Amino acid sequence: MTWTFTLRETVWHDEQPVTADDVEYTYHIILNDEVISARSADTVSTSHS
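Here the sequence shown is numbered in UniProt numbering, starting from 1 and rising by one per residue.
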């Protein structure tokens, strides 16, 4: 499965651009069971058990 996203041009609070790498990093952190995240309950597992 492949997902395609289009990112709006925007910046962080320090005026650095938001990149696809930032989105990927955040996604992986949210899904990491070893990291406590308030957002993890909002995600849907894509694995097929």
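Note that the Cβ used here is the ideal one computed from N, Cα and C, for glycine as well. Every value quoted in this text rests on a predicted model; they were computed, and no experiment measured them.
Here the C-alpha atom of T19 lies approximately 23 angstroms from the C-alpha atom of I36.
The straight-line gap separating the alpha-carbon atoms of E15 and E9 is approximately 11 angstroms.
In the structure shown, V11 adopts extended strand secondary structure according to DSSP, grouped into three states. The alpha carbon of V11 has as its nearest neighbour, out of W3, D22 and T4, the alpha carbon of D22. For D33, there is no enclosing alpha helix (DSSP H), as DSSP marks it with neither H nor E.
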